[in-house]
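Peer 1: Numbering (UniProt numbering), first residue to last: 1 to 157. Virtual Cβ for every residue (Gly too), placed ideally from N, Cα, C. Dropping a structure here in structure tokens format, bear with me for questions.
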């Protein structure tokens with residue numbers, strides 16, 4: 001694909017994007033979330049998609065270039081009691097298709113999030129990144145994110 005970023009579209013994900021999204025997640029060499037592009041996983045992806053779609057505070061997006069899904073991210077808007085009701089955006093599952101990395105798609109997706117957060121007059125935008133993703137950490141820092149917190153996670157299943 002020799003397309004230029006001027007043809008890149010950020011839009012809300014649709015149900016028919018799920019196979020392309022599953023393929024992007026399955027190719028993730030670090031994430032290890034059990035994602036697969038196998039047809040047998042589609043009911044799980046569909047159930048998750050419908051839950052996200054029904055949520056008033058969550059949105060799943062795709063980056064589309066010349067009709068192909070080349071990236072994705074998800075946002076959630078949190079209202080916190082701390083900060084007197086301050087609202088912030090949480091950015092999750094930022095992924096660019098492996099063959100499209102290094103072309104600026106990730107920056108377009110993150111800047112879309114930041115523009116949307118500003119449009120909604122949110123106090124902050126935050127994200128987490130796997131500790132092994134050192135290139136991603138440098139990428140986020142170049143975009144203006146600061147390392148401020150240490151995250152913890154406990155797998156329950």
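Going by DSSP, which residues form a beta bridge with residue 96?
Peer 2: Taking the first residue of the chain shown as 1, we reach residue 96 at position 96. Its beta-bridge partners are 71.
Peer 1: For residue 148, which of helix, strand or coil comes out of DSSP?
Peer 2: As a working note, residue 148 is residue 148 in the chain shown. Note: residue 148 maps to coil in three-state DSSP.
Peer 1: Should residue 158 be labelled buried (16 or more other beta-carbon atoms within 10 Å of its own) or exposed?
Peer 2: Given a span of 1 to 157 for the chain in the structure shown, any question on residue 158 remains unanswerable.
Peer 1: In angstroms, rounded to a whole number, what distance separates the CA positions of residue 62 and residue 114?
Peer 2: Residue mapping note: residue 62 aligns to position 62 of the chain shown, counting from 1. Residue mapping note: residue 114 aligns to position 114 of the chain shown, counting from 1. Taking the straight line joining both Cα atoms gives about 15 Å.
Peer 1: Could you compute how far the alpha carbon of residue 79 sits from the alpha carbon of residue 141?
Peer 2: Residue mapping note: residue 79 aligns to position 79 of the chain shown, counting from 1. Residue mapping note: residue 141 aligns to position 141 of the chain shown, counting from 1. C-alpha separation (whole angstroms): 25 Å.
Peer 1: For residue 89, which residues does DSSP report across the bridge?
Peer 2: Residue mapping note: residue 89 aligns to position 89 of the chain shown, counting from 1. DSSP lists 77 and 125 as partners of residue 89.
Peer 1: Quick one: residues in its chain with C-beta nearer than 7 Å to the C-beta of residue 97, no 5 flanking neighbours on either side, listed in chain order?
Peer 2: Taking the chain shown and counting its residues from 1, the one referred to as residue 97 is at position 97. Around residue 97: 24, 70 and 71.
Peer 1: Taking residue 129 as the reference, which of 83, 148 and 22 has the closest Cα?
Peer 2: The residue given as residue 129 occupies position 129 in the chain shown. Checked all of 83, 148 and 22; the closest Cα to residue 129 is 148.
Peer 1: Roughly how many whole angstroms lie between the Cα atoms of residue 173 and residue 4?
Peer 2: This structure does not reach residue 173, given that the chain is present from 1 up to 157, and the question cannot be answered.
Peer 1: Alpha carbon to alpha carbon, how far is residue 111 from residue 51? Give it in angstroms, no decimals.
Peer 2: Along the chain shown, read from residue 1 onward, the residue named residue 51 stands at position 51. Along the chain shown, read from residue 1 onward, the residue named residue 111 stands at position 111. Their Cα atoms are separated by approximately 25 Å.
Peer 1: Just how far apart, CA to CA, sit residue 118 and residue 47?
Peer 2: If you number the chain shown from 1, residue 118 lands on position 118. If you number the chain shown from 1, residue 47 lands on position 47. Going from the Cα of residue 118 to the Cα of residue 47 covers about 30 Å.
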